[in-house]
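A.B. asks:
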Amino acid sequence: KLADRLGQTFKNLSGKGVLSESNISDAMREIRRALLEADVNFKVAKKFVAEVTEKATGERVLKSLSPGQQVVKIVNEQIVELLGSNAEKLELTGKPPHVILLLGLQGSGKTTTAARLAYLLQKKQNRRCMVVAADLQRPAAIDQLEVMAKKAGASFYCDRNEKDPAEVTRAAIHKAGLAYNDVVIVDTAGRLHVDSDLMEELERVKAVAKPDESLLVLDGLSGQDAVNVALEFNEQIGFSGAVLTKMDGDSRGGAALSFRAVTGKPIKFVGIGESVTGLEEFDPSRMAGRILG
Amino acid sequence: LVFGEGVDENTLELAEEILLASDLGWELTELVLERFRKEFKLNRDSSWKVILVDILEELLPENKSWSSDAKPAVTMVVGVNGAGKTTTIARLSQAITRDGHSVLMGCADTYRAAASEQLALWGERLGIPVHTSIEGTDPGSVTFDAIKKAQTLKLDHVIIDTAGRLPTQKGLMDELSKVYRVAGKAMEGAPHRVLLVLDGTVGQNALPQAQQFMKFIPVTDIVVTKLDGTAKGGSVFAMARELNLPIRYIGVGEGADDLVVFDGRTFVEAIVG
Ligand SMILES: Nc1nc2c(ncn2[C@@H]2O[C@H](COP(=O)(O)OP(=O)(O)OP(=O)(O)O)[C@@H](O)[C@H]2O)c(=O)[nH]1
Ligand SMILES: Nc1nc2c(ncn2[C@@H]2O[C@H](COP(=O)(O)OP(=O)(O)OP(=O)(O)O)[C@@H](O)[C@H]2O)c(=O)[nH]1
Ligand SMILES: [Mg+2]
Ligand SMILES: [Mg+2]
């Protein structure tokens, strides 16, 4: 554990005095290692360590905490602050139907999230949700969402004869308006940020959807590449937040810190299971504890 | 022996960035940089990138070719959710068919929504027989039936798809052991191969993931998918080294032909750039 390792680093410091720059630089090596092992992007880790060094240097060594614990406390607070100390909610303002667009890499959990989000909004905000099967390329993607929508108790829209996901989206939103669905959640096909045709397709879907929220669905097991994905999707398409999935596993989830550090956008939800109940709101302090291990 | 100068700070920093960015991890990066420093001194003729490539290539376990006289040869495919198991099975089956052999795909994922529809559609597209059953059926019995069917049809291969699962789900991990044992009951020696499919974007969780799966079934080979993106798949080094598992194939796209036989040199060159 980081606190134990820092304990080793600081075992010569007594309860008096100030944390010196050399004490700190040894500690920072351990912190950097812990962040890298937690999958925080190495550039983000470097910048983070510099910021914490600044905060920790010259701090009075508190009597109540060991120097190691004190540094961990500073690091923890800094991570929580970076992750967004106030968890941000969904912004569904203006005239319904409110549209939420889901986007991201292959297999990240978009289809499952569409159903889970519908379930959550129905339960917590009493919304009438429609989920839209706008992934027209993955085999049986429409069937998958149909089954999940039924489990979530949400209405479902698809068009098995349509080839254009933008058209499916347009027709779905039109239907949602007529059927008094106040939230429309659009599931899209997984795609790579380096696939220009598919990124251009996503741009068209977004232009039609005019979403209140665009959420990047990011695999919680992601390593260093998460920053590239986050930056590219934000730059090329633009999103308002993220959903971090598969966090019921034992991945440390450093991708959360990387995502937030490079985009400044909030993580709004966390996937913690495959069933329709497997989505909860993002908790920055719990995430910080997990990243630190 | 004439020693060259030590490697300069700039190059060392660049090397470290390349290694960390590839998901090699802190510990292996330190190890590689240590060797890199030594090699650089002894080896002033090579470019620093070539030195790095050589060191990385040495970290990979030797890939002995696999073959089985069993008929059908039974392959079981496992891995976490969304890693690319089902698509890998479609691609593998396509390659087997191209080689002039016969194969049956068995869907022992009776859990996830539309899992059997997904595999059945692939079978339809590729003209390959698929054995499925309804959602909720015991995966062991689907596995049993798929192997028996392949035996009856005298096919060369049968590949068993399983549901994605996280190693933290103890119940699902036990289920995997059971499916493995049932395969052995259907046919002695089965499964002859167990492929662990790893998402190429995975970070340091690759090693603990593989270690956990190994506790429940004897994984024999690794497949790394989604390397057509910008992720380099460096987290497989620690896993391959620690568990001495060969990397058999890599996935480079979503199409039926997008699976290539793993080549260590090419893989490492893509990392170093
Ligand atoms: N354990 C767990 N599994 C999850 C979670 N979110 C998604 N999954 C599983 O991950 C796999 C992939 O999820 P999908 O919803 O199909 O992912 P996707 O992004 O729609 O995939 P593509 O459409 O192919 O890009 C499925 O097996 C899901 O059940 C989660 O939070 N926890
Ligand atoms: N770009 C790219 N996408 C891939 C690759 N391999 C698989 N995919 C995509 O990743 C997504 C998930 O693939 P699946 O085959 O459904 O994964 P799985 O492991 O069977 O998922 P579960 O059964 O839900 O656990 C699909 O959209 C695939 O098309 C690859 O090598 N490259
Ligand atoms: Mg999907
Ligand atoms: Mg599958």
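Heads up: the sequence lines are chains A and B, in that order.
When you number the first sequence by the working numbering, it's gap-free, plus one each residue, and the end is 293.
When you number the second sequence by the working numbering, it's gap-free, plus one each residue, and the end is 1273.
Don't be surprised by glycine CBs; every beta carbon is placed ideally from N, CA and C.
Please specify which runs of the beta strand (DSSP E), each continuous and at least 3 residues long, are wholly inside the region 1084-1124 of chain B, giving them in chain order.
C.D. replies: Here the runs fully enclosed are 1103-1107.
A.B. asks: Which residue wins for smallest C-alpha separation from Glu-1175 of chain B, given the options B:Asp-1145, B:Met-1187, B:Lys-1215?
C.D. replies: Comparing Cα positions, the closest option is B:Lys-1215.
A.B. asks: With distance defined between alpha-carbon atoms, name the residue in A:Glu-280, A:Leu-198, A:Asp-187, A:Leu-83 nearest to Ser-214 of chain A.
C.D. replies: Comparing Cα-Cα distances from Ser-214 of chain A to each of A:Glu-280, A:Leu-198, A:Asp-187, A:Leu-83, the minimum goes to A:Asp-187.
A.B. asks: Rounded to the nearest angstrom, what separates Gln-70 of chain A and Met-287 of chain A at their Cα positions?
C.D. replies: Distance between the alpha carbons of Gln-70 of chain A and Met-287 of chain A is about 19 angstroms.
A.B. asks: What's the gap between the Cα of Leu-1153 of chain B and the Cα of Ser-1093 of chain B?
C.D. replies: Going by the C-alpha atoms only, they are around 16 angstroms apart.
A.B. asks: Could you confirm whether any beta carbon from chain A is found closer than 7 angstroms to the beta carbon of Ala-1163 of chain B?
C.D. replies: Not an interface residue.
A.B. asks: Can you tell me the Cα-Cα spacing of Lys-1049 of chain B and Val-1182 of chain B, whole angstroms?
C.D. replies: Their backbone Cα atoms lie some 48 angstroms apart in a straight line.
A.B. asks: Assign Tyr-180 of chain A to one of two classes, buried (16 or more other C-beta atoms within 10 Å of its C-beta) or exposed (fewer than that).
C.D. replies: Under this definition Tyr-180 of chain A is an exposed residue.
A.B. asks: I'd like to know whether the C-beta atoms of Ser-267 of chain A and Leu-244 of chain A end up nearer to each other than 7 angstroms.
C.D. replies: Ser is not the amino acid found at residue 267 of chain A; the sequence shown has Ile there. For Ile-267 of chain A and Leu-244 of chain A, yes; Cβs fall inside 7 angstroms.
A.B. asks: Please confirm whether Val-1197 of chain B and Val-1158 of chain B have their CB atoms less than 7 angstroms apart.
C.D. replies: No; because the gap between Cβ atoms is not below 7 angstroms, this pair is not in contact.
A.B. asks: Hey, quick one: how far does the beta strand (DSSP E) through Phe-48 of chain A stretch, first residue to last?
C.D. replies: Counting along the chain, Phe-48 of chain A falls outside any beta strand (DSSP E), though it belongs to the alpha helix (DSSP H) covering 42-56.
A.B. asks: For His-963 of chain B, does the count of other Cβ atoms within 10 angstroms reach 16, so buried, or fall short, so exposed?
C.D. replies: Only positions 1001 to 1273 of chain B appear in this structure, which leaves residue 963 of chain B out of reach.
A.B. asks: Measuring only between beta-carbons, confirm whether Ala-1114 of chain B sits less than 7 angstroms from chain A.
C.D. replies: Answer yes: the Cβ-Cβ gap between Ala-1114 of chain B and chain A drops below 7 angstroms somewhere.
A.B. asks: Would you say Gly-301 of chain A and Phe-10 of chain A are within 7 angstroms of each other, going by their C-beta atoms?
C.D. replies: The structure shown has nothing for residue 301 of chain A, since chain A only spans 1 to 293.
A.B. asks: With 16 other CB atoms within 10 Å as the buried threshold, where does Ser-240 of chain A fall?
C.D. replies: By the 10 Å Cβ count, Ser-240 of chain A comes out buried.
A.B. asks: Tell me whether the beta-carbon of Gly-1079 of chain B lies closer than 7 angstroms to the beta-carbon of Lys-1085 of chain B.
C.D. replies: Cβ atoms of Gly-1079 of chain B and Lys-1085 of chain B: closer than 7 angstroms.
A.B. asks: From the DSSP output, in three-state form, read off Lys-268 of chain A for me.
C.D. replies: Three-state DSSP puts Lys-268 of chain A in a strand.
A.B. asks: Against chain B, which members of the region 15-40 of chain A pass a CB distance test of less than 7 angstroms?
C.D. replies: Under the 7 angstroms Cβ criterion, the region 15-40 of chain A contributes Arg-33, Leu-36, Glu-37, Asp-39.
A.B. asks: Are any of the Cβ atoms in chain A nearer than 7 angstroms to that of Leu-1001 of chain B?
C.D. replies: Confidence at Leu-1001 of chain B is low in this model, with a pLDDT of 41, below 50, so the placement of that residue should be treated as unreliable; the coordinate-derived value is given next. No - not a single Cβ of chain A is within 7 angstroms of the one on Leu-1001 of chain B.
A.B. asks: Are Asp-1228 of chain B and Val-1261 of chain B touching if we call contact CB-CB under 7 angstroms?
C.D. replies: Contact flag unset, no.
A.B. asks: With DSSP collapsed to three states, give me the class of Glu-162 of chain A.
C.D. replies: Glu-162 of chain A: coil per DSSP, three-state reduction.
A.B. asks: Any C-beta of chain A sitting closer than 7 angstroms to the C-beta of Glu-1034 of chain B?
C.D. replies: Taking Cβ atoms only, chain A never reaches closer than 7 angstroms to Glu-1034 of chain B, which makes this a no.
A.B. asks: Is the beta carbon of Phe-269 of chain A sitting closer than 7 angstroms to the one on Leu-279 of chain A?
C.D. replies: Contact: yes.
A.B. asks: Let's see if you can read the secondary structure: which residues bound the beta strand (DSSP E) around Arg-1248 of chain B?
C.D. replies: From DSSP, the beta strand (DSSP E) with Arg-1248 of chain B extends over 1247-1251.
A.B. asks: I'd like to know whether the C-beta of Gln-1118 of chain B is nearer than 7 angstroms to at least one C-beta of chain A.
C.D. replies: Interface residue, yes.
A.B. asks: Which residues does DSSP list as the beta-bridge partners of Tyr-157 of chain A?
C.D. replies: Looking at the DSSP assignment, Tyr-157 of chain A forms a beta bridge with A:Val-132.
A.B. asks: Could you tell me if the beta carbon of Gly-58 of chain A falls within a distance shorter than 6 angstroms of some heavy atom in ligand 1?
C.D. replies: Result no, Cβ not under 6 angstroms from ligand 1.
A.B. asks: Chain A partners of Ser-1093 of chain B, CB-CB under 8 angstroms?
C.D. replies: Within chain A, no residue comes near Ser-1093 of chain B; the closest Cβ sits about 14 angstroms away, beyond 8 angstroms.
A.B. asks: I'd like to confirm the pairing. Which residues does DSSP put opposite Leu-1198 of chain B in its beta bridges?
C.D. replies: Answer is B:Val-1224, bridged to Leu-1198 of chain B.
A.B. asks: Around the Cβ of Asp-1236 of chain B, are there at least 16 other Cβ atoms within 10 angstroms (buried) or fewer (exposed)?
C.D. replies: Per the sequence shown, residue 1236 of chain B should be read as Val rather than Asp. Classification for Val-1236 of chain B: buried.
A.B. asks: How is Ala-1186 of chain B classed by DSSP in three states: helix, strand or coil?
C.D. replies: In this structure, Ala-1186 of chain B counts as helix in the three-state DSSP scheme.
A.B. asks: Taking contact to mean at least 3 C-beta pairs separated by less than 8 angstroms, is the region 248-263 of chain A in contact with the region 217-229 of chain A?
C.D. replies: In short, these stretches touch, since the Cβ pair count reaches three.
A.B. asks: Is any heavy atom of ligand 3 found at a distance shorter than 6 angstroms from the C-beta of Ala-140 of chain A?
C.D. replies: Every heavy atom of ligand 3 is 6 angstroms or more from the Cβ of Ala-140 of chain A, so no.
A.B. asks: Kindly examine ligand 3 and report whether one of its heavy atoms sits closer than 6 angstroms to the Cβ of Phe-246 of chain A.
C.D. replies: For clarity, residue 246 of chain A is Lys in the given sequence; the question names Phe instead. Lys-246 of chain A: no, Cβ never under 6 angstroms from ligand 3.
A.B. asks: List the residues that DSSP assigns as beta-bridge partners of His-1131 of chain B.
C.D. replies: His-1131 of chain B is bridged to B:Gly-1106.
A.B. asks: Residues of chain C with a CB under 8 angstroms from the CB of Asp-1199 of chain B: which are they?
C.D. replies: Among the protein chains of the structure shown, namely A and B, there is no chain C.
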